[in-house]
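Using the numbering used here, the letters of the sequence shown correspond one by one to residues 13 to 588.
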Amino acid sequence: MDPRFTSLLQWTNLILATPVALWAAEPFFVAAWAGLRHRVLHMDLPVSVGVAILYGHGVFATFRGEDSYLDSLTMLVALLLGGRLLEQRGRTRAAEAASSLAARAPRSARRVGESGPEDVSPAELRPGDVLEVALGEEIAADGLVTEGEANVGMALLTGESEPRPVRRGDRVVAGGVLLDGGLRVMVEAAGESTLLSRMATGLRSAQAKPTPPSLPDRIAPVFTAATLTVAAATFTLGALTLGVHDTLPRVIAVLVVACPCALALAAPLATAAGLGAAARRGLLFQGGAGLRRLAEVDLVAFDKTGTLTQGEPVVVEADDATLRLAAAVERQSLHPIARGIVAEAVRRGLPIPLAQGVREVPGVGVEGVLDGRLIRVRRGGPGEVIVEGQGRISLRDVIRPDAARTVARLKALGLPVVLLTGDGAEVAARIGAEAGVDEVLAEHDPEAKLAALRRWQAQGRRVLFVGDGVNDGPALSEAHAGVAMGGGAASSVLIADAVIAREGLGPVLAGIFAARAAERAIRGNLTRSLAYNVGAVALAAAGLVNPLVAAVLMPLSSGLVIFGALRVERAVAKEL
Numbered sequence: 013m014d015p016r017f018t019s020l021l022q023w024t025n026l027i028l029a030t031p032v033a034l035w036a037a038e039p040f041f042v043a044a045w046a047g048l049r050h051r052v053l054h055m056d057l058p059v060s061v062g063v064a065i066l067y068g069h070g071v072f073a074t075f076r077g078e079d080s081y082l083d084s085l086t087m088l089v090a091l092l093l094g095g096r097l098l099e100q101r102g103r104t105r106a107a108e109a110a111s112s113l114a115a116r117a118p119r120s121a122r123r124v125g126e127s128g129p130e131d132v133s134p135a136e137l138r139p140g141d142v143l144e145v146a147l148g149e150e151i152a153a154d155g156l157v158t159e160g161e162a163n164v165g166m167a168l169l170t171g172e173s174e175p176r177p178v179r180r181g182d183r184v185v186a187g188g189v190l191l192d193g194g195l196r197v198m199v200e201a202a203g204e205s206t207l208l209s210r211m212a213t214g215l216r217s218a219q220a221k222p223t224p225p226s227l228p229d230r231i232a233p234v235f236t237a238a239t240l241t242v243a244a245a246t247f248t249l250g251a252l253t254l255g256v257h258d259t260l261p262r263v264i265a266v267l268v269v270a271c272p273c274a275l276a277l278a279a280p281l282a283t284a285a286g287l288g289a290a291a292r293r294g295l296l297f298q299g300g301a302g303l304r305r306l307a308e309v310d311l312v313a314f315d316k317t318g319t320l321t322q323g324e325p326v327v328v329e330a331d332d333a334t335l336r337l338a339a340a341v342e343r344q345s346l347h348p349i350a351r352g353i354v355a356e357a358v359r360r361g362l363p364i365p366l367a368q369g370v371r372e373v374p375g376v377g378v379e380g381v382l383d384g385r386l387i388r389v390r391r392g393g394p395g396e397v398i399v400e401g402q403g404r405i406s407l408r409d410v411i412r413p414d415a416a417r418t419v420a421r422l423k424a425l426g427l428p429v430v431l432l433t434g435d436g437a438e439v440a441a442r443i444g445a446e447a448g449v450d451e452v453l454a455e456h457d458p459e460a461k462l463a464a465l466r467r468w469q470a471q472g473r474r475v476l477f478v479g480d481g482v483n484d485g486p487a488l489s490e491a492h493a494g495v496a497m498g499g500g501a502a503s504s505v506l507i508a509d510a511v512i513a514r515e516g517l518g519p520v521l522a523g524i525f526a527a528r529a530a531e532r533a534i535r536g537n538l539t540r541s542l543a544y545n546v547g548a549v550a551l552a553a554a555g556l557v558n559p560l561v562a563a564v565l566m567p568l569s570s571g572l573v574i575f576g577a578l579r580v581e582r583a584v585a586k587e588l
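Written out as structure tokens, the structure is:
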């Protein structure tokens, strides 16, 4: 090649590499200096040393008309900044998800009034209102379908493109889009009380939670110290035997080939894959820290009402007339028993008029006026509601259809399963037997639940608690990992590490598989990358790998990390 053209390329290389070294690499220098000031060996320290040596050598070599490794410097900084970008994306995932949910919340609703449908703001909706939803429109509130059939797209909440068919008696949530048909929906929760709003609030609050250091973070100081020690030893021994000029390429090769790209990528890539695998199966994590904690659990504790069970009693015996009167009075109530009564009336196709003057009677029940008649609904014995002057309604709490199957799979994984509930011993024992749990702890108020969790933790257990009620908040916070039912109390969604965004308990199992697969990927990535780096550093220190070859080999360890992360989804799909 013409020497003049070679010189032009060398100077062009220097001009292009200068902003990379002095501007793009600034975050590494700042972090390295901050670490030194606090006497911490930061992962960015060997990177900063490597960039400084590469750039200094490049300037010197360019002026002397010799080959430099400035292209290696550019590749090094680009790869590391790419890893930093992935890491940052992982940290802001929850905030972005919350913003997306809030931005896409329904803006209007069509309420059916006495004079016909009227457009209102979702904030004006109240329990008991009836909405009319047409093809292509969003459902503006959580509620119960009273008329019509349709396929509802739930991609906003679950990420699934497959629509969900609904009909009279089914429940729908705000944010669902009608892909065909038309519905009338009786409102059960609106505005800030909807599942969509509670999830957005919970995801935003997760940003305030401290994130424990990941395995790569704990390894970084040791890796940094080892890299700098090898580089210093290579320079010292080489300078004494070969001279500084011949030793410098070896030192550069050591620093380049030991680039911690793989360490920086190991956790973010695998964690992102695990979060995605869980989300596609209905479990939305509020951050990567929760995923890591879920991988470590060795005992699972379930609340009963609304968690192992469906959350609202099912009517097992009632005549139509009694049921109709009770539903008319209970229509605006959010109490689980009221929702069960209204749901059964809808399922039977009974007309549900709206009672007037409805009010709660503390310690007794609820009353209202219908057709000039005072209707009083009060609680009877366990599982019984009495409509005074009319009849009785018998109800029973039933377990979720997939509860026993989920518990069996958890036990097959070697995880003991406990039912931890405030309900009485008789009811708890029945539900526990139907679900197949290992142990039942009944009559546990919130303080007793906390005591049980702390007792397990004192024994070295790492407990996953799954619950949905307001009184589950302390337990969700105390547990090693907490999962809240999506239809549960807002406080539970705020505190939990993850939220179930679809029906059933299957997402809990999927989340554990995803968390474990991600953790295996992280450990595998680190093992492969460290083995590669140890071998490559030894060759570089011996002078068998020059800086140019080191720059070519450097992306290989990152490629191994990417390959490991891609296996997470496949591993979860295989288990399920």
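Using N, Cα and C, we set each Cβ at its ideal position, and we do this for glycine too.
Bear in mind the structure is a predicted one, so any value in this text is a computation, not a measurement.
Asked	Found
Indicate the three-state DSSP secondary structure (helix, strand or coil) for Ala201 in the structure shown.	strand
Give a yes or no on whether the C-beta atoms belonging to Gln3 and Asp509 are separated by under 8 angstroms.	Not covered by the structure: residue 3. The range shown for the chain is 13 to 588.
Along the chain, where does the alpha helix (DSSP H) containing Val439 start, and where does it finish?	Ala437 to Ala447
Near Trp35, which residues of its chain fall below 7 angstroms by C-beta distance, leaving aside the five closest residues on each side in sequence?	none
Using the C-alpha atoms, what's the distance from Gly140 back to Ala121?	14 angstroms
Could you tell me the distance, in whole angstroms, from the CA atom of Ala135 to the CA atom of Asp435?	35 angstroms
For the beta strand (DSSP E) containing Ser406, list its first residue and its last residue.	Gly403 to Arg408
Within the continuous beta strand (DSSP E) that includes Asn163, where are the two ends?	Ala162 to Gly165
Cα-Cα, which of Ala416, Leu572 and Pro58 is closest to Val234?	Pro58
Just to confirm, are Gly194 and Gly160 a CB contact at a threshold of 8 angstroms?	yes
Taking C-beta to C-beta, are Ala340 and Leu382 nearer than 8 angstroms?	yes
Tell me which residues share the same chain as Leu572 and place their Cβ nearer than 8 angstroms to its Cβ, disregarding the 5 neighbours each side in the sequence.	Ala274, Asn537, Arg540, Ser541 and Tyr544
Please classify Gly188 as buried or exposed, where buried requires at least 16 neighbouring CB atoms within 10 angstroms.	buried
Just tell me which of Asn163, Val199 and Leu565 has its CA closest to the CA of Glu342.	Val199
So Ile349 and Pro325 are in contact, right, with Cβ under 8 angstroms, and what is the actual spacing, rounded?	6 angstroms
Do you know offhand how far Thr319's Cα is from Val439's?	15 angstroms
Please go through the same chain and pick out, in chain order, the residues whose beta-carbon is closer than 6 angstroms to the beta-carbon of Ala44, but skip the five residues on each side of it.	His54, Asp56, Leu57 and Ser60
With a 10 Å radius around its C-beta and 16 neighbouring C-beta atoms as the bar for buried, classify Leu260 as buried or exposed.	buried
Provide the residue(s) that pair with Asp131 in DSSP beta bridges, ordered along the chain.	Arg122
If you measure between the beta carbons of Asp409 and Thr283, is that distance less than 8 angstroms?	no
Apart from the five residues on each side of it in sequence, which residues of its chain come closer than 8 angstroms, Cβ to Cβ, to Val561?	Ala265
What's the C-alpha gap between Leu137 and Ala186?	12 angstroms
For Val124 versus Arg176, is the C-beta spacing smaller than 8 angstroms?	no
Taking only three categories from DSSP, how would you classify Met87?	helix
According to DSSP, simplified to helix, strand and coil, what is Glu52?	Note that residue 52 corresponds to Val in the displayed sequence, not to Glu. Val52: coil per DSSP, three-state reduction.
Would you grab the beta carbon distance between Ala527 and Leu303 for me? Rounded to a whole angstrom, and I think it's under 8 angstroms.	5 angstroms
To the nearest angstrom, how far is it from the Cα of Ala106 to the Cα of Glu126?	Reliability fails at Ala106, whose pLDDT of 45 lies under 50, so the model's placement of it is uncertain and the value that follows must be treated cautiously. If I take the Cα positions, the gap works out to 42 angstroms.
May I ask you to report which of helix, strand or coil DSSP gives Gly47?	helix
When you compare only the Cα positions, how much space is there between Gly300 and Arg183?	31 angstroms
Under 8 angstroms, with one C-beta from each stretch per pair, do the stretch 386-396 and the stretch 411-429 reach the 3-pair mark?	no
Using a threshold of 8 angstroms, state whether the C-beta atoms of Val309 and Val475 are closer than that.	yes
For the alpha helix (DSSP H) containing Pro348, list its first residue and its last residue.	Pro348 to Arg360
Looking at the secondary structure, which residues open and close the alpha helix (DSSP H) in which Gln22 lies?	Pro15 to Pro31
If you follow the beta strand (DSSP E) that Val520 is in, where does it begin and where does it stop?	From DSSP, Val520 is part of no beta strand (DSSP E) but of the alpha helix (DSSP H) over Gly518 to Ala553.
Please report the Cβ distance between Thr246 and Val263, rounded to the nearest whole angstrom; I am assuming they are in contact, meaning their Cβ atoms lie under 8 angstroms.	5 angstroms
Could you spell out where the beta strand (DSSP E) holding Gly479 opens and where it closes?	Val475 to Gly479
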